[in-house]
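I have placed the structure first, in the form of structure tokens, so that the comments after it can refer back to it.
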Amino acid sequence: MSHPGMSPRFAEAKETDHGRYEFQLEFPMAGDWVILLHVTLPDGKKLERQFDVRGVRPN
Amino acid sequence: MRVPGLGHLFRWRYARPVLQAPLLVLSIVMILHGLFGPSLAPKNLATTLSWLHFRGALVLVLLCAGNFFCLACPFMLVRQWARRLFKPRFNWPRALRNKWLSVGLFILILFTYELFDLWSSPWWTAWLIVAYFLSVLVVDGFFKHASFCKFVCPIGQFNFVASTLSPFEVKVREQDVCTRCHTKDCIRGRREPVSDLVTIRGCELALFQPSKVGNMDCTFCLDCVHACPHDNIGILSRMPASELMVDPLRSGIGYLSRRKDIAALAIVFTLGALLNAFGMVSPVYAVERWLGRMLHVSHEAPVLGVIFAFFLILEPILLLGLAAWLTRIWAGMRQGLLPLAVRYAYGLVPLGFGMWLAHYCFHFLTGLYTVIPVTQNAIASLGRPLLGEPRWTLTGLPANVVQVIEIGFLLLGFAGSLVVTYGLAEDDFPDRPLRAFLPWAAVCLILWCASMWLMFQPMEMRATLMSG
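Heads up: the protein sequence lines correspond to chains A and B, in order. Take 139 as the starting number for the first sequence in the numbering used here and just add one per residue. Take 17 as the starting number for the second sequence in the numbering used here and just add one per residue.
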């Protein structure tokens, strides 16, 4: 349910443990969100993964 | 037309195809990317360009200039090519020579947009563009003149209504020149002296320039400009909305006050603006859940149907009916309620346009630069990142800045509606215009308050998130 250009949020993940990355994000509005991960592997190859976060409710 | 450069361009016979060609190429790119590109709407050119940039640029150009998007319409370029192969043989059916079909299609587009979440589907957006091309080819393949533009195209009807508020109009420079003219090329087309074949088309929308009033039904195609042998037609400045305050006999239209279909179009244009914005705020989901429980249905279509019926049928009947009834009582009118409602419905157009501007410019301005990474990504996906890696952090203007602009548009629309309705009231009741004006001013105030309320509602269901 994503609308083009609507309120994208960005965060950079930091490695907190071996192979474990964490990041914090704020969802500024209710609805269905999509998380896109852009990953650069050690050999320089790029990877992209997509996750849906549905039904975010307002505070 | 007297502006150096621009004037030459618009006077040039091939100005229209030159403006249409880039948009045709862009349409083809959007179709291909919509069908074969990323399925996520914010990463796809079909959805980004259709629902962000096209709509935003459209309303801004209508506000600041005129119906120049119809001038550059890529569908018409394809139609022109097709008409070299297939000559249309039929006249548009007499029963359909009005706006009722296009009003229905306008509502259908608004309905399918909400029901199928078109903004979030590159695939369906691409097919919508394809369907548009096919519809143009079918309608104008069978029927003569610009039948699709005048009687079918929902985008065109939107542009016609909105362009009544534009500062420019295609019109004659000097009426005397037209009075002396015997050939009437602006409507008949310019013909070869011997063979009588038309070499430059006259107006395909049946607008005879000397008696044309305003922008309604004018696609800015410039056929009349090119056909006029006296160079007496141009794109001239005028007072926006002035055409809504007068009711002369208009070429190709008749009297606006007698056109229930055009009044219905104005109402759908205005209330559809609120409805379209209502579809993207949190309260709509509470209303949908409540209606679903009341109707014992779980599918969205019937619930959405009820919401549409409320906004586009019940609301205008109640609001305009009550205002017309009060006008009759206070101003001592003998006119029926329907003719009064039809006449004053045009006063709502500025309010509606203010809402469309506020809504579309919000998306356009807050996502202004997103076309850059989406284009970079599209080119990179072909194997060669000629424009570099996508810079997904490029977004647009901050929402709090855009909100001020939105409020400005809503205020402008409200003021415009008050001016138009007062102008109509003054024309109807020169001695006591306030008595006719107040009920319609109240309608404008109610709709403006509803617009402001909508603007401050939390948005829901339409967001995207990307990590950098």
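All C-beta atoms, glycine included, are put in the ideal place defined by N, C-alpha and C.
Kindly say whether M139 of chain A, judged by its beta-carbon, lies nearer than 8 Å to any beta-carbon of chain B. Only weak support is given to the placement of M139 of chain A: the predicted model assigns it a pLDDT of 48, under 50, and the value that follows is read from those uncertain coordinates. For M139 of chain A, the answer is yes, since a Cβ of chain B falls inside 8 Å of its Cβ.
At 4 residues or longer, and completely inside the segment 233–295 of chain B: list those alpha helix (DSSP H) runs for me, N to C. Correct list: 239–243 and 276–294.
Alpha carbon to alpha carbon, how far is R192 of chain A from N107 of chain B? Give it in angstroms, no decimals. 51 Å
Run down chain A in chain order and give the residues with a C-beta less than 8 Å from the C-beta of P170 of chain B. Going along chain A, no residue has its Cβ under 8 Å from P170 of chain B, so there is no contact; the nearest lies around 21 Å.
Just the chain B side, please: which residues come within less than 8 Å of Q188 of chain A by C-beta, in chain order? L56
One question on the structure: do K6 of chain B and D277 of chain B come within less than 8 Å of each other, judged by their Cβ atoms? Chain B is shown only over 17 to 484; residue 6 of chain B falls outside these bounds and no answer can be derived.
In the DSSP output, what is D155 of chain A paired with across the bridge? Paired residues: A:R158.
Excluding five sequence neighbours on each side, which residues of the same chain lie with their C-beta closer than 6 Å to the C-beta of V241 of chain B? I249
Run through the DSSP bridge pairs and tell me what R206 of chain B is partnered with. B:I216
Report, in whole angstroms, the separation of the C-beta atoms of L338 of chain B and S467 of chain B, which I expect to be a contact under 8 Å. So it is not a contact: roughly 19 Å between Cβ atoms.
Completely contained alpha helix (DSSP H) runs for the segment 130–193 of chain B, where each covers 4 or more residues: 138–158 and 170–178
Quick one: does W306 of chain B have its CB under 8 Å from some CB of chain A? no
Output the distance between the C-alpha atoms of T386 of chain B and W341 of chain B, rounded to the nearest integer angstrom. 49 Å
Test: G182 of chain A CB closer than 8 Å to a CB of chain B: The C-beta of G182 of chain A comes no closer than 8 Å to any C-beta of chain B.
Out of B:I388, B:C202 and B:L101, which has the shortest C-alpha to C-alpha gap to P406 of chain B? B:I388
Whole-angstrom distance between Y301 of chain B and R309 of chain B, CA atom to CA atom: 12 Å
Once the 5 residues before and after L470 of chain B are set aside, which same chain residues still bring their CB inside 7 Å of it? L290, A293, F294 and V297
Who are the Cβ neighbours of V94 of chain B in its own chain at under 8 Å, not counting the five residues just before and after it? L40, F149, V152 and L153
What in chain A is Cβ-close to T386 of chain B, meaning under 9 Å? P142, G143 and P146
Would DSSP call V475 of chain B helix, strand or coil? Note on residue identity: the sequence assigns Met, not Val, to residue 475 of chain B. It is a strand residue.
Applying the 10 Å Cβ sphere with the 16-neighbour rule, what's the burial state of M255 of chain B? exposed
Between the alpha carbons of L546 of chain B and T178 of chain A, how many angstroms are there, rounded? Because residue 546 of chain B is not part of the residues shown, which for chain B are 17 to 484, the question remains open.
Is DSSP giving F26 of chain B helix, strand or coil here? Helix at F26 of chain B.
Residues in its own chain within less than 6 Å of V418 of chain B by CB, not counting five upstream and five downstream? F378, L381 and T382
So the candidates are B:G424, B:M261 and B:A415; which of them puts its Cα closest to the Cα of P166 of chain A? B:A415
Residues of chain A with CB under 8 Å from H198 of chain B, in chain order? Those within 8 Å of H198 of chain B in chain A number zero; the least Cβ separation is about 54 Å.
Whole beta strand (DSSP E) elements within the segment 439–465 of chain B, 3-residue minimum: none
Report back the beta-carbon spacing between W372 of chain B and P142 of chain A to the nearest angstrom; my notes put them in contact at under 8 Å. Contact doesn't hold; Cβ gap of about 18 Å is too wide.
Our contact map puts A317 of chain B next to L131 of chain B with C-beta atoms below 8 Å; I'd like the distance itself, whole angstroms only. 6 Å
At least one CB of chain A closer than 8 Å to the CB of T382 of chain B: is that the case? It does: the Cβ of T382 of chain B has a partner Cβ on chain A nearer than 8 Å.
By how many angstroms is the C-alpha of W171 of chain A removed from the C-alpha of L481 of chain B? Residue placement at L481 of chain B cannot be trusted, given a pLDDT of 36 that sits under 50; what the coordinates show is reported in the next sentence. Spanning the two alpha carbons is a distance of roughly 6 Å.
What does L68 of chain B touch in chain A if you count any residue whose Cβ is under 7 Å from its own? Those are P142 and G143, listed as they occur along chain A.
Spatial neighbours of Y438 of chain B within its chain, please: C-beta separation below 7 Å, excluding the five flanking residues on both sides. Hits under 7 Å: P449 and F453.
If you count every other CB in all the chains shown that lies within 10 Å of the CB of G21 of chain B, and 16 or more means buried, which is it? exposed
Return helix, strand or coil for T63 of chain B, following the three-state DSSP convention. helix
Cutoff 8 Å: T409 of chain B Cβ touching any chain A Cβ: yes
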